[in-house]
Every structure is written in C-alpha cells, then in structure tokens.
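First comes the structure, then the notes that go with it.
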Ligand code: SF4
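Numbering (my numbering), first residue to last: 12 to 262.
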C-alpha cells in the first residue's frame, strides 16, 4: 500500500483543454513538478508539499474545505466518490506533475471503477512506464523553447515524445497539447509534429493559444492558422482549442 500523498485540490468540473473539452471530470491536482513553465497557471502546485488539501464541498460552487495533508488512500477514494456526479466521465489526474506519484495512481486504479485521464508534461518517461496500462486517456503536454520550462530543452522534448509513445503503444487514448504564443515559430512546431508523426501521423495535436498570462500573448488569428498548417504538414489531426473552462467561469 502506498503512503499518504500531498494533494493540492480535488474538485468536480469541466475539462477545458484538448480533445475531451466539455467532458465532466473529477480533478485531483497532485503537488510537485520538476518543470518551471513561464505560463504556469498553478505555480503553487510545483511545490512538493502543502499543509492542506482543498476539497470542493459542492461542485460548481467554488467553496472549498481544507483537509490536512498528506491524504491517505481511503480518504482520497472517499472524497473522489463523494464529489463524483452522474455526468462525470473521468478521474483527471493533474498537477503539478501526477507522474511524480505513480504508486498512488496505481493504487487508485485498483480502488476505483472510473476511467483515468492523465494530464502529464511527459518529462518522466520511466514513471510513465509504471502506469502505462492503468491510464485510459493520456493528455501529453509538449513544451516549446519559449516556455522556458527547463534548461535543457532538447532532453525534455525527447522525454516528452518518448512518453507519448509509451502511452500510445500501451493502448491509451493518447493526444498531445502545445501552448502556442505570438512567439511560437513554425520551425519549433515542425520538430514537434515530425516527432509525433514518427509515432503515428493520426495522433491528435491540439494547439492551445495561451490565455491570461503575464508576459505571454496568444498568436494572432492568421498566425494561429499558419501554425496549424505547419503542424498539418506532418499530422492529420491538428486542432486549435483555447482553455474553454475559463470562458465558462469553471475551475
Ligand atoms: S508542467 Fe504544468 S505544473 Fe509544471 S510548471 Fe509547467 S505548467 Fe506548471
């Protein structure tokens, strides 16, 4: 049995990114992330620990209660079941970086009868291998150099593509996401799209214009279409989807 884990928050909301946009999910946001993206909208979740985990009392109210960290497995399972609802389809494992907590993910999969949706930055392929057969959906973020997520971009990109391949080969529904800005170069996107097409040219790539982030501006409309076409030279399924949960005022 895995030990208690530090969790940032647990709530029920609407997935606002990627190919499952609009799907109702329970979100478990794990603490801890080895990257340092300039656009990170949950910077507190990069820390490995926090005194309390916030749990939404009633879905959609934004009213949270605090429970002490770390959270043991029985408590975690009970909270997830308590905040589940009839329209909810996935348990979204997010962060931070949930692959820092693979023991917990494996134990959760054995304790719950809900599909697991993993949101990962893909930087930990060895950890991805440990959970490859328990994850139903793998939403893999691919970083661009301008995100300044790491000092060694080439190694990060290699790890991210390896992680995409691990989940794809394991049979998970797998797709890639990339946050694009007004500085995104077609050449950088070419390299990502080419790497994804080496795995499978039908893998969906979702370009997500950056939203509400100091220091980052989204690409203009024409530029976004150009970026889609750059990726479309390699991939059959390139989409552009903003963070729609924020438009709907959801968490
Ligand atoms: S990978 Fe995600 S949690 Fe980690 S720094 Fe980047 S945006 Fe933040």
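We put the CB at the ideal spot given by N, CA and C, even for glycine.
If you're wondering where the values come from, they're calculated on a predicted model, not measured in any experiment.
| query | result |
| --- | --- |
| Any 3 or more C-beta pairs closer than 8 Å across the stretch 119-133 and the stretch 56-65 | no |
| Residue 187 in three-state terms, based on DSSP | strand |
| Inter-residue spacing [alpha-carbon to alpha-carbon] between residue 81 and residue 20 | 12 Å |
| Simplified DSSP assignment, three categories, for residue 131 | strand |
| Neighbourhood of ligand 1 [Cβ distance below 6 Å to any heavy atom], ordered by chain position | 44, 46, 47, 48, 51, 53, 56, 57, 106, 107, 108, 132, 160 |
| Strand pairing of residue 136, partner residues [DSSP] | For residue 136, which the question treats as bridged, DSSP gives no partner whatsoever. |
| For residue 115, three-class secondary structure by DSSP | helix |
| Beta-carbon proximity of residue 121 to residue 172, cut-off 9 Å | no |
| Same chain, Cβ closer than 8 Å to residue 156, five either side skipped, listed in chain order | 164, 199 |
| Distance CB(residue 70)-CB(residue 135) smaller than 9 Å | no |
| Endpoints, the alpha helix (DSSP H) within which residue 174 is located | 164-181 |
| Own chain residues within Cβ distance below 8 Å of residue 108, not counting five before or after | 41, 43, 44, 45, 46, 131, 132, 134, 135 |
| Short Cβ contact (9 Å threshold) for residue 104 with residue 39 | yes |
| Other residues of its chain near residue 15: CB distance less than 6 Å, five sequence neighbours each side excluded | 81, 82, 83 |
| Coil, strand or helix - residue 154 by DSSP | coil |
| Contact belief for residue 13 with residue 137 at Cβ below 8 Å, rounded distance in angstroms | The pair is not a contact, with the Cβ atoms about 17 Å apart (cut-off 8 Å). |
| Cβ separation of residue 221 and residue 190, assumed to be a contact under 8 Å, to the nearest whole Å | 5 Å |
| Local Cβ density within 10 Å of residue 24, reported as buried at 16 or more and exposed below that | buried |
| Simplified DSSP state of residue 248, which is helix, strand or coil | coil |
| Residue 101, DSSP secondary structure in three states | strand |
| Where residue 145 sits in the DSSP three-state scheme | coil |
| C-alpha gap between residue 170 and residue 139, whole angstroms | 10 Å |
| With 16 other Cβ atoms within 10 Å as the buried cut-off, status of residue 93 | exposed |
| Start and end residues, alpha helix (DSSP H) containing residue 90 | 84-94 |
| 7 Å Cβ shell around residue 239 - same chain, five flanking residues per side excluded | 218, 249, 251 |
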